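Have a look at the structure below before the remarks.
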Amino acid sequence: MSEHQPENLPATSDAGDAQTPGAEVIDQRQGMFGVRGTGDTSGFGGLRRQVALPGGTPKPYGAWFDGAVDRLVGLVGDDAIEKVVVDRGELTLHVAREQLVAVCQQMRDDDALRFEFCSGVSGVHYPNETDRELHAVYHLFSITHNRRIRLEVSCPDSDPHIPSVVSVYPANDWHERETWDFFGIIFDGHPALTRIQMPDDWPGHPQRKDYPLGGIDVEYKGAVIPPPDTRRSYN
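Residue numbering for the sequence shown follows the working numbering, starting at 532 and increasing by one per position.
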């Protein structure tokens with residue numbers, strides 16, 4: 532930390548609230564953008580942050596959330612839903628990965644739910660969340676009821692497998708390939724799980740937090756441009 536940066540700024544949270552019952556603090560961060568020392572010109576060098584995952588939300592959830600969760604649990608059973616989180620007016624269901632396809636099938640087909648549209652799946656990497664380092668997040672929309680919901684599934688880095696939902700939401704074909712490409716999550720049952728952005732022989736998965744910044748050297752007409760992490764003091 533620079534001698535000009537304040538040392539007693541209050542800690543804030545990246546996700547969730549560490550003071551909320553059940554919230555899990557998985558990391559402590561200082562500053563912004565990974566910069567350390569005098570190389571930080573952002574003015575945020577004294578900021579300290581807790582990276583916390585929100586705990587489960589107790590009932591009642593409010594709005595239409597209670598009816599939807601109760602309906603889904605009645606169809607797939609309690610074991611399928613690991614946690615229910617209501618945050619900033621949005622509903623997220625943490626789903627056991629072995630139950631993901633069955634949950635999606637009911638979310639799409641049941642008349643009381645009718646989430647016909649999945650806008651895609653995105654990956655998240657929490658390297659400090661032991662045995663749950665990789666997350667896949669599905670964003671569902673009910674055209675019938677004008678409702679939105681989020682499904683979140685986790686798997687360990689040592690066993691990065693999650694069932695494909697292409698059989699339920701065919702448009703996820705492309706999104707699962709992108710999530711595999713960038714995060715290394717293997718979607719079992721996908722019809723053709725190949726890279727979609729990076730070359731087929733590309734080493735590693737570039738959006739994981741343990742991937743080096745800058746990747747590889749870039750060459751333009753004989754001039755080599757070094758990757759960003761060799762140009763500044765990045766973490």
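The beta-carbon is built from N, C-alpha and C at its ideal position, and this holds for glycine as well. Source: prediction; values computed, not measured.
Beta strand (DSSP E) runs wholly inside the stretch 613 to 692, at least 3 long, in chain order:
You should have 621 to 626, 648 to 656, 665 to 673, 678 to 686.
Reduced DSSP category for Leu603 - H, G, I as helix; E, B as strand; rest coil:
Residue numbering aside, residue 603 sits at position 72 when the sequence shown is read from its first letter. For Leu603, the secondary structure class from DSSP, reduced to helix, strand or coil, is helix.
Contact between the stretch 692 to 711 and the stretch 649 to 657: three or more CB pairs below 8 Å?
Counting Cβ pairs under 8 Å, three or more are found: they touch.
Of the residues Pro691, Pro591, Arg580, Leu631, which one's Cα is nearest the Cα of Gly608?
Against the sequence shown, residue 608 aligns to sequence position 77. Of the candidates Pro691, Pro591, Arg580, Leu631, the residue whose Cα lies closest to the Cα of Gly608 is Leu631.
Using alpha carbons as the reference points, say which of Pro658, Leu665, His670 lies closest to Phe648.
Within the sequence shown, numbered from 1, the residue matching residue 648 stands at position 117. The shortest Cα separation from Phe648 among Pro658, Leu665, His670 belongs to His670.
If you reduce the DSSP assignment to three classes, tell me which class Ala542 lands in.
Locating residue 542 in the sequence shown gives position 11, where the first residue counts as 1. Note that Ala542 scores a pLDDT of 45, beneath 50, so its modelled location is shaky and nothing firm can be said.
Short check: CB of Pro691 to CB of Ile727, under 8 Å?
Mapped onto the sequence shown, residue 691 falls at position 160. Mapped onto the sequence shown, residue 727 falls at position 196. Cβ distance not < 8 Å, so Pro691 and Ile727 don't count as in contact.
Pairwise C-alpha distance: Glu709 and Gln636
Residue mapping note: residue 636 aligns to position 105 of the sequence shown, counting from 1. Residue mapping note: residue 709 aligns to position 178 of the sequence shown, counting from 1. Straight through space, the alpha carbons of Glu709 and Gln636 are spaced by roughly 22 Å.
With DSSP collapsed to three states, give me the class of Asp712.
By 1-based counting over the sequence shown, the position of residue 712 is 181. Helix, per DSSP.
For the ligand NAD, is there a heavy atom less than 7 Å away from the beta-carbon of Thr725?
Summarising the ligand content, the structure contains no ligands, and the ligand NAD is consequently not present.
Same chain, Cβ closer than 7 Å to Arg739, five either side skipped, listed in chain order
As a position in the sequence shown, residue 739 is number 208, starting the count at 1. Excluding sequence neighbours, Arg739 sits near His656, Phe714, Gly715.
Boundaries (first-last residue) of the beta strand (DSSP E) holding Asp719:
Position 188 of the sequence shown holds residue 719. Start and end: 717 to 719.
Work out the CA separation of Asp558 and Trp705 for me, nearest whole Å.
Residue 705 sits at position 174 when you count from the first residue of the sequence shown. Residue 558 sits at position 27 when you count from the first residue of the sequence shown. Approximately 32 Å, taken between the alpha carbons.
When you compare each of Ala723, Ile680, Ala594 to Phe672 by their alpha carbons, which one comes out closest?
Within the sequence shown, the letter at position 141 stands for residue 672. Ranked by how close their Cα comes to the Cα of Phe672, the residues Ala723, Ile680, Ala594 have Ile680 in first place.
Would you identify the three-state DSSP class for Asp704, choosing helix, strand or coil?
Counting from 1 along the sequence shown, the entry for residue 704 is found at position 173. DSSP places Asp704 in helix when its eight states are reduced to three.
Do you know how far the Cα of Arg602 is from the Cα of Val615?
As a working note, residue 615 is residue 84 in the sequence shown. As a working note, residue 602 is residue 71 in the sequence shown. Straight-line Cα distance between these residues: approximately 14 Å.
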